[in-house]
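Colleague: Just so it is clear: in the sequence shown, position 203 is 316 by the numbering used here, and no numbers are missing. Using N, Cα and C, we set each Cβ at its ideal position, and we do this for glycine too. Everything numeric in this text was worked out from a predicted model, so none of it was measured. First, the structure itself, so that you have it in front of you.
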Amino acid sequence: VETTPMDFSRLTRDLPSREIPVPKNLVESLMTPDHRHLMTEQSGADVEWAPDEAHVKVRGSQEQVNRATRLLQRVLMHCHWGRSEDKVKRLLKPRMVESCIVRLSPMNTLRNAEKLLSPQTPLLSIGKDKGNDVVIQDAIISRQHCILELDPERGAVYVIDTSTNGTFLNGIRLPAKTSGKVLVSHGDDLTFKDPASGDQEFGYIVNVTELVVKEERKLEAPRRLLTAEDMTNAGRDFA
């Protein structure tokens, strides 16, 4: 009996899809096989890199596409203040850090500082007021200038700008505290004067030493829909 092979390609071709542009300077750090696997694992969507066009194509159910889009937007937002493969990986699949030591190594004449951050003491404050963990006496510094916070829900250290004159992460001004906080990575530059003014070293290099990391938690992503290739291979793999 003559049979006609089934064509599954239309099933995936007709699924919702979205093309998301990314900055060209992020392509190298973002578009790795490992990150593609992580995005699919976390969202359930099929992910395709297009480095030459600097965009990401995601396809799946509407829920999967939306989840993949949110993941990518998180990466794009935080990588505005510095990018690396390690940072992208942590944004796609956070390590749940429960405690860490934050060491501030001065770039100029400021003093060294460090503090253990944990659920009991999650904040390290910097400012002019003597009640801060790190006190800096300078006209440009606010009473409470910025805060480094170990966020227990996100399992990572973030910085919040509470100043009048601005706080800069890797040379780029942080958003106002009402707009949110930004992920801090080991080795980031945290400075307190606008680099455009010529003083790029009034601040610290942030060193984060993780002490306790919670066991990896499996996130429930929407089930990934089979692609035409998956369906074709299924018969061969399980014959």
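#1: Please name the residue, chosen from 133, 268, 307, that lies closest to residue 203 on a Cα-to-Cα basis.
#2: Measure the Cβ-Cβ separation of residue 279 and residue 308 and say whether it is below 7 Å.
#3: If you draw a straight line from the C-alpha of residue 232 to the C-alpha of residue 326, how long is it?
#4: Between the alpha carbons of residue 151 and residue 185, how many angstroms are there, rounded?
#5: Roughly how many angstroms separate the alpha carbons of residue 270 and residue 170, rounded to a whole number?
#6: Mapping DSSP to helix, strand and coil, what is residue 212?
#7: Curious, which full-length beta strand (DSSP E) runs of at least 3 residues does the stretch 241 to 313 contain?
#8: Ignore the nearest five residues each way along the sequence and tell me which others in residue 139's own chain have a CB closer than 6 Å to its CB.
#9: If you run the structure through DSSP and keep just helix, strand and coil, what is residue 322?
#10: Could you pull the start and end residues of the alpha helix (DSSP H) that residue 181 belongs to?
#11: Given a cut-off of 7 Å, decide if residue 219 and residue 317 are closer than it, judged by their beta-carbon atoms.
#12: What is the residue span of the beta strand (DSSP E) that residue 202 lies within?
#13: Count the CB pairs spanning the stretch 142 to 156 and the stretch 174 to 182 that are closer than 8 Å, and state whether there are at least three.
#14: Can you name the start and end residues of the beta strand (DSSP E) that residue 227 belongs to?
#15: Can you list, in chain order, the residues of its chain whose CB lies under 6 Å from that of residue 265, leaving out five sequence neighbours each side?
#16: Note down, in chain order, each residue of its chain lying with its Cβ closer than 6 Å to the Cβ of residue 130, except the 5 sequence neighbours on either side.
#17: Helix or strand or just coil, what does DSSP make of residue 154?
#18: So what's residue 166 in DSSP terms, helix, strand or just coil?
Modeller: According to the structure shown:
#1: Residue 268 is the option with its Cα nearest to residue 203.
#2: Residue 308 is positioned such that its CB atom lies no closer than 7 Å to that of residue 279.
#3: A straight-line Cα-Cα distance of about 12 Å links residue 232 and residue 326.
#4: Separation of residue 151 and residue 185 (C-alpha to C-alpha, rounded to the nearest whole angstrom) is 11 Å.
#5: Taking the straight line from one Cα to the other gives about 30 Å.
#6: Strand at residue 212.
#7: The stretch 241 to 313 contains these whole beta strand (DSSP E) runs: 259 to 264, 269 to 274, 302 to 304.
#8: Result list for residue 139: 192, 196, in chain order.
#9: Strand.
#10: Its alpha helix (DSSP H) spans residues 175 to 191.
#11: Yes, the pair counts as a contact, with Cβ atoms nearer than the cut-off.
#12: Run containing residue 202: none in the beta strand (DSSP E); it sits in the alpha helix (DSSP H), 198 to 205.
#13: Remark: three or more beta-carbon pairs, one from each stretch, lie closer than 8 Å, so the stretch 142 to 156 and the stretch 174 to 182 are flagged as touching.
#14: Residue 227 -> beta strand (DSSP E) spans 226 to 230.
#15: Excluding sequence neighbours, residue 265 sits near 232.
#16: So the list reads 172, once near-sequence residues are dropped.
#17: Three-state DSSP puts residue 154 in a helix.
#18: If DSSP states are grouped into helix, strand and coil, residue 166 belongs with coil.
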